Amino acid sequence: MALPAHVEPLERAWYYTFRVICALIFLFLIIPILVVIPLSFNALPYFTFTPEMLRFDPAGYSTKWYADFFSNPNWQGAVRNSVIIAFFATIIATVLGTLAALGLSRPEMPFKKAFMALLISPMIVPLIISAAGMYFFYSRIGLASTHIGVIIAHAALGTPFVVITVTATLVGFDQSLIRAGLNLGGSPQTVFFKIIMPLILPGVISGALFAFITSFDEVVVVLFVGSYEQRTIPWAMFSGIREQISPTILAVATILVLISVLLLTTVEMLRRRSERLRGLSPG
Amino acid sequence: MAAGTAGTNTENAPLMTADGVPLKQSLQRALRQKRRGAFLLTLPLLVFIFIFFVAPIADMMFRSIENEVVGKYIPRTVAALKDWDATSGELPDEKVFAALVEDIKIGRKDRTIGKVARRLNYEIAGMSSLFRSTARRVARLDEGPYKEALIAIRPQWGELETWQLIQRESGKYTASYYLAAVDARFDNAGNIVAQPEERQIYTFLFGRTMAMSLSITLLCILLGFPIAYLLATLPLRYAALLMILVLLPFWTSLLVRTTAWIAMLQQQGVINDLLVLVGIISDEGRLQLIHNKTGTLIAMTHILLPFMILPLYSVMKTIPPSYMRAARSLGATQARAFIKVYLPQTLSGMGAGTILVFILSIGFYITPALVGGTSGTFISNYIADHVSTTLNWGLAAALGVMLLALVLALYLIYDKAVGIDNMKLG
Chain S
1 MALPAHVEPL
11 ERAWYYTFRV
21 ICALIFLFLI
31 IPILVVIPLS
41 FNALPYFTFT
51 PEMLRFDPAG
61 YSTKWYADFF
71 SNPNWQGAVR
81 NSVIIAFFAT
91 IIATVLGTLA
101 ALGLSRPEMP
111 FKKAFMALLI
121 SPMIVPLIIS
131 AAGMYFFYSR
141 IGLASTHIGV
151 IIAHAALGTP
161 FVVITVTATL
171 VGFDQSLIRA
181 GLNLGGSPQT
191 VFFKIIMPLI
201 LPGVISGALF
211 AFITSFDEVV
221 VVLFVGSYEQ
231 RTIPWAMFSG
241 IREQISPTIL
251 AVATILVLIS
261 VLLLTTVEML
271 RRRSERLRGL
281 SPG
Chain B
1 MAAGTAGTNT
11 ENAPLMTADG
21 VPLKQSLQRA
31 LRQKRRGAFL
41 LTLPLLVFIF
51 IFFVAPIADM
61 MFRSIENEVV
71 GKYIPRTVAA
81 LKDWDATSGE
91 LPDEKVFAAL
101 VEDIKIGRKD
111 RTIGKVARRL
121 NYEIAGMSSL
131 FRSTARRVAR
141 LDEGPYKEAL
151 IAIRPQWGEL
161 ETWQLIQRES
171 GKYTASYYLA
181 AVDARFDNAG
191 NIVAQPEERQ
201 IYTFLFGRTM
211 AMSLSITLLC
221 ILLGFPIAYL
231 LATLPLRYAA
241 LLMILVLLPF
251 WTSLLVRTTA
261 WIAMLQQQGV
271 INDLLVLVGI
281 ISDEGRLQLI
291 HNKTGTLIAM
301 THILLPFMIL
311 PLYSVMKTIP
321 PSYMRAARSL
331 GATQARAFIK
341 VYLPQTLSGM
351 GAGTILVFIL
361 SIGFYITPAL
371 VGGTSGTFIS
381 NYIADHVSTT
391 LNWGLAAALG
401 VMLLALVLAL
411 YLIYDKAVGI
421 DNMKLG
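Those protein sequence lines, which keep their order, are chains S and B. Counting from 1, one number per residue, gives the positions in the first sequence under our numbering. Counting from 1, one number per residue, gives the positions in the second sequence under our numbering.
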């Protein structure tokens, strides 16, 4: 929408006003995330900029909140739990979700729409309802306050993302490739790993990333199904904000922002690769 | 398929495969096998989701009507009360009082009487202390007449209301939780009436949740539309760069964004400091931007904005710029061309974004809990409160089922308008 040379002054004024409005909205989107980063280096236990920080006085800055994060057993336990829970939840969600997506993408699949609706329901039901339901039910079957319980709950929440991304990669998938592979003497296993897998891999990986981030970020279900022993990073942040506010939370937030930048880059690269492979975009 | 080719063969004789099975049958078998194959691939996840997701929600739904406590822990009283006519205006007879004394004695020993006390207390405040204090004193009560003795312990045993309540809640199922969830209750005659005004809270909360979600959705349209328009009309190179500013918040942890807003909005926070520094407000006149509605509105609009921008952007991307140029060259002003030609074409994206943001918003829990104070909390916060603090699980379940019904209804609209298959991620 470059501005032609002959426009009227009013239109020109609107054009610049519009850009200023957009710039302000972009600031609204990004400032809160950027502000966390310098604040996490505050030498004093405040959630705001101190006069020393504004004067760029080195004494106003400190890495002690990071040191606290890396030495505090409360936070280190949370990191360990987050990684363990997200890792296993992702594996369960990815394996089950990929198989289901392969089935759902076949033209012969019966009751496709109903099953699809059921399988993506964990994404639609408000988290507080899933959490309350799981809390009651998992307590009855002895899964409450166990790592396995939280892993299973997170796997259930993550599967819709895998089903959706893998199904999307399978759009336009030529089913006759499977028949060709079998015809040429490949066993079903060979066909799966040599033909299907390479084609759907980008979808599987981005689905797995979604499942991972779902578990890694999730807090409502952990609060209800888990206890202190299963505390994850979001769990510790939530109770930290409610109880004693310490800038360590801002240090954790900064680390999480860096992780999300990494994830965003990976997903974006995968998406481009997948589109290129399937010939949907010129690259 | 088989019927089509049958005509080329001999009349009436079915087409055979090499191994002598009619082709039609053979094809059908192959199709059945394929269907089974597809279904078996999906089966593990179906079973998994059914056990660990659907069953818990069904279990919770059942809790909203389940009501076994009274019948289970004071069974003799319930049985004796069967013959009593609640509308007679007279107290139950001695037999019922004797049954109650026995039930309470046993219940006190088994430590189950507290459950009955808590259950009945949900309906009439004061029931809990009535049962607990009676339980302490009934141990010394060895012989009748129990009626006078009980009334002497607590005069409430001489009130019809108490007995009507016990009789009403002795069934296996109850509608009381749903009535409480819509601010109604049973009166003594068993009619449904509104709660007294000072106890009406949930319809107000549902209303507030909807109103705030609506405000958040409107704010998202207001802020999301210009951004989506800019991204859709800029050259791809610049748009891809600016898109990062939308996707980075989208990918950042919910708690990080909520924490960031706490740092921004609190009284000693960044925004207030900035306003004091610039001189717009005085140091004493710092604005209360958090732990109220304002805090929830700002933080949730920020969190949900990408969910509005992304569907709007994908629709705007498909609108050819030549339409606007055509409208301009036919004599429309820029504004008129925009309203008459461009805007109507964006409605599908706006509809998708609106329903998506609204659905996500009404179920929000974490952000309102941290920045909402008391005036900016949602119905979810009260559900959580009943699950973990007041332990009134029946009411939590009833409120949950109502919220779920609302979300599913909106979701069906979304599916009709947009289609689940068109849901895009990132």
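Where a beta carbon is used, it is the ideal one built from N, C-alpha and C, also for glycine. No experiment lies behind these values; they were computed from the predicted model shown.
If you check the CB distance, Val166/S and Gly207/S come in under 8 Å. Within 10 angstroms of the beta-carbon of Phe62/B lie fewer than 16 other beta-carbons, which makes it exposed. Residues of the same chain with a CB within less than 7 Å of the CB of Val138/B, apart from the 5 flanking positions on each side, are Val101, Ile104 and Lys105 in chain order. No Cβ of chain S is located within less than 8 Å of the beta carbon of Leu165/B.
Among the residues of chain S, those whose CB is under 8 Å from the CB of His302/B are Phe28, Leu29 and Pro32, following chain order.
Taking 8 Å as the CB threshold, Gly363/B lines the interface with chain S. Tyr365/B sits away from Ile91/S, with the two beta carbons spaced by 8 Å or more.
Take Arg168/B, set aside five residues on each side of it, and the residues of its chain with a beta-carbon closer than 7 Å to its own are Phe186 and Gly190, in chain order. Cα atoms of Leu287/B and Asn272/B: separation of roughly 7 Å, rounded to the nearest angstrom. Between the alpha carbons of Leu27/S and Ser129/B lies a distance of about 56 Å. Linking Val79/S to Pro234/S through their CA atoms gives a straight-line distance of about 10 Å. Gln268/B has its alpha-carbon roughly 15 Å from the corresponding atom of Gly279/B.
Under the Cβ distance rule, Met264/B counts among the residues neighbouring chain S, one pair being separated by less than 8 Å. Secondary structure note for Ile339/B: it is in no alpha helix (DSSP H), with a DSSP letter that is neither H nor E.
In the three-state scheme derived from DSSP, where H, G and I count as helix and E and B as strand, Tyr173/B is classed as strand.
For the region 93–112 of chain S, the set of positions with a beta-carbon nearer than 7 Å to some beta-carbon of chain B reads Leu96, Gly97, Leu99, Ala100, Leu102, Gly103, Leu104, Arg106, Glu108, Met109 and Pro110 in chain order.
Residue pairing by DSSP places Val193/B opposite Arg185/B in a beta bridge.
When the Cα atoms are used, Val96/B and Thr162/B turn out to be separated by approximately 13 Å. Annotation: the continuous alpha helix (DSSP H) that includes Ser128/B extends over Met127 to Val138. Residue range Tyr202 to Thr233 is occupied by the alpha helix (DSSP H) that includes Ile221/B. DSSP, read as helix, strand or coil, puts Tyr382/B in helix.
Burial check for Thr254/S: the Cβ neighbour count within 10 Å reaches 16 or more, so the residue is buried. By the C-beta criterion, the region 146–154 of chain S is judged to be in contact with the region 74–88 of chain S, since at least 3 inter-stretch pairs fall below 8 Å.
Of all alpha-carbon atoms in Ile151/B, Tyr342/B and Ala332/B, the one lying nearest the alpha-carbon of Pro320/B is that of Tyr342/B. Secondary structure of Glu52/S (DSSP, three-state): helix. Residue-level contact by beta carbon fails for Arg328/B and chain S, as no gap is shorter than 8 Å. Met61/B carries a helical assignment under DSSP once its states are collapsed to helix, strand and coil. The beta carbons of Pro73/S and Pro122/S sit no closer together than 8 Å. Residues of the region 370–384 of chain B with a C-beta atom less than 8 Å from some C-beta of chain S are Leu370, Ser380, Ile383 and Ala384, listed in chain order. The DSSP-derived three-state label of Pro247/S is coil.
With its beta carbon at least 8 Å from every one in chain B, Ala144/S lies outside the interface.
Between Gly158/S and Ala93/S, the C-beta spacing is below 8 Å.
When the alpha-carbon of Ala232/B is set against those of Leu312/B, Met324/B, Met210/B and Gln25/B, the nearest one is in Leu312/B. Listed along the chain, the chain B residues whose CB falls inside 8 Å of the CB of Glu11/S are Gln334. Counting only runs of at least 4 residues, the region 283–320 of chain B fully encloses the following alpha helix (DSSP H) elements, listed from N- to C-terminal order: 293–316. Assignment of beta-bridge partners to Asn42/S by DSSP yields Tyr61/S.
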